[in-house]
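In order, the protein sequence lines correspond to chains X and A.
Mapping of the first sequence onto my numbering: position 22 corresponds to residue 26, and the numbering continues sequentially without gaps.
Mapping of the second sequence onto my numbering: position 26 corresponds to residue 382, and the numbering continues sequentially without gaps.
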Amino acid sequence: MSEVKTKITAEDLGVKKVYLESGIEVDPIYTADDVEDSSIKHEMPGEYPFTRGIHSTMYRKRPFTIRQYAGFASPEETNERFQFLIANGQSGLNVAFDLPTQCGLDSDDPRALGEVGRVGMTVDTLDDFEIAFKNIDLDKITVSMTINGTAIIAIAMYIAMAEKAGYDISSLRGTAQNDILKEFIGRGTWIFPVDKSVKLVVDTIEYCAKHVPKYSPVSVCGYHIRESGANPIQEMAYAFCIAKAYTDGALSRGIDIDDFASRLSFNFDIYGNLFEQIAKFRGGRRLWAKIIREDYGAKNDKSCWLRMIAGGGGGGLTKEQPENNIVRSAYYALISALSGTQTMALCSYDEAYTIPTEHSAEISLRTMQIMIHEMGICDTVDPLGGSYYVESLTDTFEKKIKEEMLTVDKWGGIVNAVATGKIQESVSKQAYEREMGMQTGKVDKVGVNIFTREEENKEVEFHPYNQEAADNQVEKLKRIKASRDNDKVQACLAAVKSGAENDENLMPSIIAAVKEYATVGEIVQAMKDVYGEFEEPIFF
Amino acid sequence: MKVLLSKPGLDGHDVGVKVLAYGLIDAGFEVVYTGLRKSIEEIVSMAIENKVDTIGLSILSGTHLVLAERMKEVMTENNLDIPWFVGGNVPAQDVEKLEAIGANKAFATSTKVAEVVAYFNEIKVKV
């Protein structure tokens, strides 16, 4: 071993300098000297700080879970799909909700015009949940709900439905996305001011920790932050700051870190440079473990695990030469597996411009299956462990993510940085620079600005809007409002309102309200009366 | 020239509209942005308040035809006669439909920022 550490630079070899999207310079050659000081030499998979994976056996014991995203317009269709999946031996389903439900509007609200059932299931009252889960054994299926702004109501409905059906909610499983802070940065289904929004998330955490301990109430999403323009360092840093905000909230309610942290999971994005993404996940996983143990004092190893779904992001796919997206998605899947993900999902290659066909959805599924069954990806844990380049970049990422988190602290913390629009402004500026880089040819994109060819005209397609189904939903809502005990509903809504005024945990009063068939819109309005609404910071 | 960029309806996809805002600002235009989830009524009254020369609607959820019809009605109700345009995720086959409803121009999916800027430079002379 050499006495003096040598670093081989681009200048030494007379080659051009290379920078990652995150701004990190990449050396042309890495050697043992680059990992001389790295802690990785002493690390094993399944051992703290888990850089090499959260389990000692990883995919050798069980491959990552494949979970594709899908939406069904009505509670009836959702129910049919559940029945089909159970009959075919599957045990999990994502439920997507339409925009009125996600934004807290009932189907008969004028602002819901043209949107009822368009991008997912419509929910006005508990009745819709009862239809969707009719004859479904909730002990046999785990339901993942992609909902944020009104997540507290959706979780309350799930629990209320289970209670009414006679289940013991202490053994109820399932997950909700319920990450409102990222909605202010990307995706946009916020309703209330930032601090009140976080309070509602913490209400769900506290309630679940005490009464529904097997339910995972929050999945923190770096994914949408990256899709909004964040670089890979910022994706991880902002997600960790968000996760810390929820954690701090939970601790302030007297919940033990070890009772909460192990129920937290993450959702991350994959596109761009292969090694940069792998280092992002490995470095991020090590840093998160250290935060939970060193900053929060968790004793349980499980609390320190960065459990994640990491899938191919839409941001990397193109409308031009769409078949290239099949190849890109295969690389994204490889990145995800080499990074030790728990769950994987891929976008369909035609998703950028049309409704994915059964054929394109099947290709996504086969991409992951080929990797598991033909490529030997599951044979050895953390196969890139020990690579001079990967380990050096992993160390750099751990350091850079930590630095970016300190920047958020300087902005007054994540709640303030989001409320003032600081983060939104910086990521949207980056999205502009990236887009212009691609449009002017500064950033290479195959089929878009290099290796282009005459494009055949591909029509952009949407699902036709089902006006009849929307009208039926509005009719049903009318019937329910006429047949429920409206005095009880008003009393329940008043209880939600006074709970909000007195800063109580709103879960019990919302569960009581949904049991009387109060609507999503009515409950949201009761909260708006007290909390007000978020005012979006405009920076143009 | 002053441009109002808007997000009508419930769709929260705002990367595109923000990218265009920066593109127009860099090209010397004045941009006013409404923020997310505005009704057509709110958008039109912001246009009047801010005395803008043109209005852009960014729609990615597929509701562009419904919202364009509403736009035409509200513009007429308010006696506002300035050019308005539609962008976002717009199928090429709907471009003509949107222009027939009354949009001065509709930009189909994958239109480049430079093309939109060129269009604005063109109408700038006329406005």
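No residue lacks a Cβ here, since even glycine has one placed at the ideal position from N, Cα and C.
Residue-level contact to chain A via CB, residue i, 8 Å cutoff
i	result
Leu388 (chain X)	no
Val441 (chain X)	Position check: residue 441 (chain X) holds Gly in this sequence, whereas Val was assumed. No - not a single Cβ of chain A is within 8 Å of the one on Gly441 (chain X).
Thr193 (chain X)	yes
Arg230 (chain X)	no
Pro197 (chain X)	no
Phe101 (chain X)	no
Asn461 (chain X)	yes
Cys351 (chain X)	no
Gly233 (chain X)	yes
Phe544 (chain X)	yes
Ala435 (chain X)	yes
Glu465 (chain X)	yes
Leu142 (chain X)	no
Cβ shell of residue i (< 6 Å), same chain only, five flanking positions each side left out
i	result
Glu187 (chain X)	Asn152, Thr193 and Trp194
Leu204 (chain X)	Ile156
Gln281 (chain X)	Ile274 and Ile339
Thr467 (chain A)	none
Met149 (chain X)	Val99, Ala158 and Ala180
Inter-residue Cα distance where the pair is residue i and residue j
i	j	result
Ser340 (chain X)	Tyr469 (chain X)	35 Å
Ile411 (chain A)	Pro439 (chain A)	7 Å
His515 (chain A)	Val442 (chain A)	Here chain A has residues from 357 to 483 only, and residue 515 (chain A) is not among them.
Glu540 (chain X)	Arg122 (chain X)	25 Å
Met5 (chain X)	Asp41 (chain X)	Annotation note: pLDDT 44 at Met5 (chain X) (below 50); position unreliable, coordinate value reported separately. Taking the straight line from one Cα to the other gives about 14 Å.
Glu455 (chain A)	Val473 (chain A)	19 Å
Leu181 (chain X)	Thr105 (chain X)	Sequence check: residue 181 (chain X) is Gln here, not Leu. Approximately 14 Å between the Cα atoms of the pair.
Ala470 (chain A)	Gly379 (chain A)	8 Å
Phe466 (chain X)	Lys21 (chain X)	44 Å
Gly170 (chain X)	Leu176 (chain X)	11 Å
Glu520 (chain X)	Arg370 (chain X)	45 Å
Ala234 (chain X)	Ile33 (chain X)	28 Å
Lys426 (chain X)	Glu439 (chain X)	20 Å
Val451 (chain A)	Lys323 (chain X)	18 Å
Ile1 (chain X)	Met312 (chain X)	Any answer about residue 1 (chain X) is impossible in this case: the structure gives chain X only from 5 up to 544.
Asn461 (chain X)	Ala498 (chain X)	56 Å
Asp132 (chain X)	Ser111 (chain X)	12 Å
Ile58 (chain X)	Ala356 (chain X)	33 Å
Pro197 (chain X)	Tyr392 (chain X)	46 Å
Cβ shell of residue i (< 8 Å), same chain only, five flanking positions each side left out
i	result
Gly418 (chain A)	Asn445
Glu505 (chain X)	Val534
Close-in-space but distant-in-sequence residues of the same chain around residue i (CB under 7 Å, 5 per side omitted)
i	result
Glu408 (chain X)	Ile237, Gln238 and Ala241
Ile376 (chain X)	Pro67 and Cys382
Asp370 (chain A)	Lys363 and Leu392
Met442 (chain X)	Lys449, Val452 and Asn453
Pro217 (chain X)	Ser174
Asp489 (chain X)	Glu520
Val335 (chain A)	The question about residue 335 (chain A) has no answer, for chain A in this structure spans 357 to 483.
Distance between beta carbons of residue j and residue i, contact taken as under 8 Å
i	j	result
Thr146 (chain X)	Ser95 (chain X)	6 Å
Ser333 (chain X)	Ala314 (chain X)	With a Cβ gap of about 13 Å, Ser333 (chain X) and Ala314 (chain X) do not count as contacting.
Tyr353 (chain X)	Pro326 (chain X)	5 Å
Where residue i falls: helix, strand or coil (DSSP)
i	result
Leu423 (chain A)	helix
Ser201 (chain X)	helix
Trp440 (chain A)	strand
Glu463 (chain X)	coil
Glu40 (chain X)	coil
Lys394 (chain A)	strand
Pro49 (chain X)	coil
Asp273 (chain X)	strand
Glu405 (chain A)	helix
Ile151 (chain X)	coil
Glu455 (chain A)	helix
Glu478 (chain A)	helix
Ser6 (chain X)	Confidence in Ser6 (chain X) is poor, its pLDDT being 46 and thus under 50, which makes the residue's placement too unreliable to answer from.
Phe455 (chain X)	coil
Pro67 (chain X)	coil
Tyr23 (chain X)	strand
Gly288 (chain X)	helix
Contact with chain X by residue i, beta-carbon distance below 8 Å
i	result
Pro364 (chain A)	no
Val408 (chain A)	no
Lys374 (chain A)	yes
Tyr475 (chain A)	no
Leu392 (chain A)	yes
Ala424 (chain A)	no
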